[in-house]
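Step one of this worksheet: look at the structure below.
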Amino acid sequence: MQAARRETALGPQGVPNPRSRAVLLCGKVVSVQASRPAAKPVLAPGQGRLTDLPSTSPALPPQECYKAAEQFPDVAVDEVISDTFAMRLLRDPELPSRRKQKMSLHRIAVIGGDGIGPEVVEAGVEVLEALAAVEPGLAFEFKRFDWGSDYYRRNGRMMPQDGLAQIEDFDAIYFGSVGDPDLPDDITLWGLRLAICQGFDQYANVRPTRLLPGLTGPLRPELGQQIDWVIVRENSEGEYAGVGGRAHRGLPIEVGMDVAVFTRAGIERIARFACDLAMSRPRKLLTVVTKSNAQRHGMVLWDEVVREVVRGYPGLTVDWMLVDAMTQRMVNKPGSIDTVLATNLHADILSDLAAALGGSLGIGSTANIDPSRSRPSMFEPIHGSAFDITGKGVANPLGSFWTASLMLDHLGEQAAARRLMVAIETVTGRGESLSPDLGGAARTAEVTAAVIAALEGVNSTSSSRLAG
Ligand SMILES: NC(=O)c1ccc[n+]([C@@H]2O[C@H](COP(=O)([O-])OP(=O)(O)OC[C@H]3O[C@@H](n4cnc5c(N)ncnc54)[C@H](O)[C@@H]3O)[C@@H](O)[C@H]2O)c1
Numbered sequence: 006m007q008a009a010r011r012e013t014a015l016g017p018q019g020v021p022n023p024r025s026r027a028v029l030l031c032g033k034v035v036s037v038q039a040s041r042p043a044a045k046p047v048l049a050p051g052q053g054r055l056t057d058l059p060s061t062s063p064a065l066p067p068q069e070c071y072k073a074a075e076q077f078p079d080v081a082v083d084e085v086i087s088d089t090f091a092m093r094l095l096r097d098p099e100l101p102s103r104r105k106q107k108m109s110l111h112r113i114a115v116i117g118g119d120g121i122g123p124e125v126v127e128a129g130v131e132v133l134e135a136l137a138a139v140e141p142g143l144a145f146e147f148k149r150f151d152w153g154s155d156y157y158r159r160n161g162r163m164m165p166q167d168g169l170a171q172i173e174d175f176d177a178i179y180f181g182s183v184g185d186p187d188l189p190d191d192i193t194l195w196g197l198r199l200a201i202c203q204g205f206d207q208y209a210n211v212r213p214t215r216l217l218p219g220l221t222g223p224l225r226p227e228l229g230q231q232i233d234w235v236i237v238r239e240n241s242e243g244e245y246a247g248v249g250g251r252a253h254r255g256l257p258i259e260v261g262m263d264v265a266v267f268t269r270a271g272i273e274r275i276a277r278f279a280c281d282l283a284m285s286r287p288r289k290l291l292t293v294v295t296k297s298n299a300q301r302h303g304m305v306l307w308d309e310v311v312r313e314v315v316r317g318y319p320g321l322t323v324d325w326m327l328v329d330a331m332t333q334r335m336v337n338k339p340g341s342i343d344t345v346l347a348t349n350l351h352a353d354i355l356s357d358l359a360a361a362l363g364g365s366l367g368i369g370s371t372a373n374i375d376p377s378r379s380r381p382s383m384f385e386p387i388h389g390s391a392f393d394i395t396g397k398g399v400a401n402p403l404g405s406f407w408t409a410s411l412m413l414d415h416l417g418e419q420a421a422a423r424r425l426m427v428a429i430e431t432v433t434g435r436g437e438s439l440s441p442d443l444g445g446a447a448r449t450a451e452v453t454a455a456v457i458a459a460l461e462g463v464n465s466t467s468s469s470r471l472a473g
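Numbering (my numbering), first residue to last: 6 to 473.
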């Protein structure tokens with residue numbers, strides 16, 4: 006098929022033409038539904054170039070779209086494009102001629118989950134759509150999965166049995182939170198979030214923290230401003246390996262055990278990941294958190310293996326902290342910390358402290374990464390379902406937006422990631438659209454609108470420090 010024209014189905018004023026209708030197919034294809042076969046172009050070139058394409062069924066794959074168009078000699082397809090890009094074309098028909106680079110379409114599985122999860126994730130999708138509208142070459146296809154506690158009430162499980170198979174071909178997973186006041190936390194967490202993290206071996210959990218411009222955390226300003234950390238959490242074993250059991254239920258001799266599992270392979274790979282990340286940051290400084298004074302087996306192995314790995318990074322400055330002492334160092338000497346490596350449990354706790362020191366739990370973001378990239382990585386705000394504010398429209402969506410920026414970075418969209426971060430920082434810096442947890446009065450929708458407005462005012466060359 007010869008490349009020739011690009012079609013839109015709207016007239017010059019953006020009014021749908023009565024004989025043709027734009028069909029935006031599942032984010033993959035833009036075509037025009039013809040009222041009769043082989044219809045002629047309705048608008049002359051220069052007027053917006055409206056051309057009819059054959060009628061297609063929804064979700065037609067790109068090659069089928071080309072094939073269908075072949076039946077119509079007066080129709081040519083130059084490219085199959087996403088609906089996000091189609092939207093941009095409708096606003097700006099000259100865009101293709103100004104832009105030669107190929108568009109990258111990212112397929113994102115969206116799992117809002119429970120509580121405020123769906124609220125902040127939908128706000129994030131809105132922001133990402135707006136970003137795609139201003140950032141050249143960026144496009145998304147979002148597919149929602151209604152998994153979580155309501156799904157459990159209907160189906161007796163948090164996600165379908167083949168849930169992992171349903172999302173394994175996506176480029177990334179954008180996740181909200183999980184947890185329900187009426188269901189045990191271990192069922193909800195293990196049935197969905199941990200099932201995905203462990204099922205996809207997302208063994209590196211990365212949690213950046215900075216005091217964003219305009220925000221004041223609980224520390225004195227001169228200390229708070231020193232916070233610029235990335236916590237690397239081992240995400241596949243350790244204290245959350247799920248090994249253990251209960252016995253003698255209900256009897257006085259009842260026992261419950263969780264066995265912390267540390268393996269040489271598991272420690273080695275997360276240590277290597279943390280060293281690489283630390284080396285990519287200007288300070289090249291890694292703090293390794295441990296508790297080997299009290300836990301004599303797994304944590305001693307942790308120390309030994311991490312020591313072996315860091316020997317391979319002569320340019321890296323490494324120091325060691327017991328986890329209890331690490332909490333006071335984060336509060337008293339935040340500027341002495343850069344990249345932190347800790348076990349599953351230790352980093353879980355330290356990163357909530359980090360988020361609070363950064364202003365609010367509502368800002369914290371995290372990436373669950375499979376560094377081999379053989380399966381999708383998952384991106385989520387660090388907070389939970391926040392039962393106390395669910396449905397009130399006041400959840401802070403900034404953590405979810407920061408998370409989206411981490412996702413973009415992972416997808417190789419560094420310019421877009423930077424642009425989103427600059428927009429977030431613009432909004433916090435102005436201080437006008439902050440949610441109640443940050444001392445403001447803005448609702449989730451207002452914070453979202455402010456970030457979208459800021460996105461349109463910044464470009465990808467503006468400066469921001471990305472997470473890691
Ligand atoms: N990754 C996850 O899915 C995840 C993480 C933590 C907790 N949880 C689950 O969430 C449920 C509630 O846990 P929790 O209360 O300990 O922690 P939480 O993070 O849900 O809430 C703690 C406090 O922080 C506030 N908060 C959290 N996020 C906020 C936001 N975006 N904007 C404004 N305020 C925010 C809440 O209102 C609450 O007062 C539990 O079921 C827990 O297991 C899930």
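Note that CB positions come from ideal geometry on N, CA and C, so glycine has one too.
Cβ contact annotation for residue 399 (same chain, cutoff 7 Å, sequence separation greater than five): 440, 441, 448, 449, in chain order. Looking at 233, 232, 272, the one whose alpha-carbon comes closest to that of residue 306 is 272.
Each residue's CA atom was taken as its position, placing residue 372 and residue 257 some 42 Å apart. Distance from the Cα of residue 116 is smallest, within the candidate group 162, 109, 182, 142, for 182. With a cut-off of 8 Å on Cβ pairs, the segment 131-150 is in contact with the segment 405-423, counting three or more such pairs. In the structure shown, residue 242 falls within a coil segment according to DSSP collapsed to helix, strand and coil. Set against 7 Å, the gap from the CB of residue 367 to the closest heavy atom of ligand 1 is smaller. Pairing residue 148 with residue 177 gives a Cβ-Cβ distance that is not under 8 Å. Relative to the non-hydrogen atoms of ligand 1, the Cβ of residue 362 never comes closer than 7 Å to any of them. Going by beta carbons, residue 214 and residue 232 fall inside the 8 Å limit. In this structure, the alpha-carbon of residue 446 lies about 21 Å from that of residue 386. By the 16-neighbour rule on beta-carbons within 10 angstroms, residue 262 is exposed.
Spatial neighbours of residue 169 in its own chain (CB-CB distance under 8 Å, excluding positions within 5 residues in sequence) are listed in chain order as 200, 201, 204, 205. Counting along the chain, residue 127 sits inside no beta strand (DSSP E); it lies in the alpha helix (DSSP H) bounded by residues 122-139. Within the same chain, and ignoring the five residues on either side of residue 350 in sequence, the residues whose Cβ sits closer than 7 Å to its Cβ are 243, 244, 245. Residue range 269-285 is occupied by the alpha helix (DSSP H) that includes residue 281. The beta carbons of residue 402 and residue 452 sit about 6 Å from each other, so the pair counts as a contact at 8 Å. The three-state secondary structure of residue 168, taken from DSSP, is helix. Its chain contains 209, 278 as the residues whose beta carbon lies nearer than 7 Å to that of residue 376, once the 5 sequence neighbours on both sides are disregarded; these appear in chain order. By a beta-carbon distance limit of 8 Å, residue 344 contacts residue 291. Their separation comes to about 5 Å.
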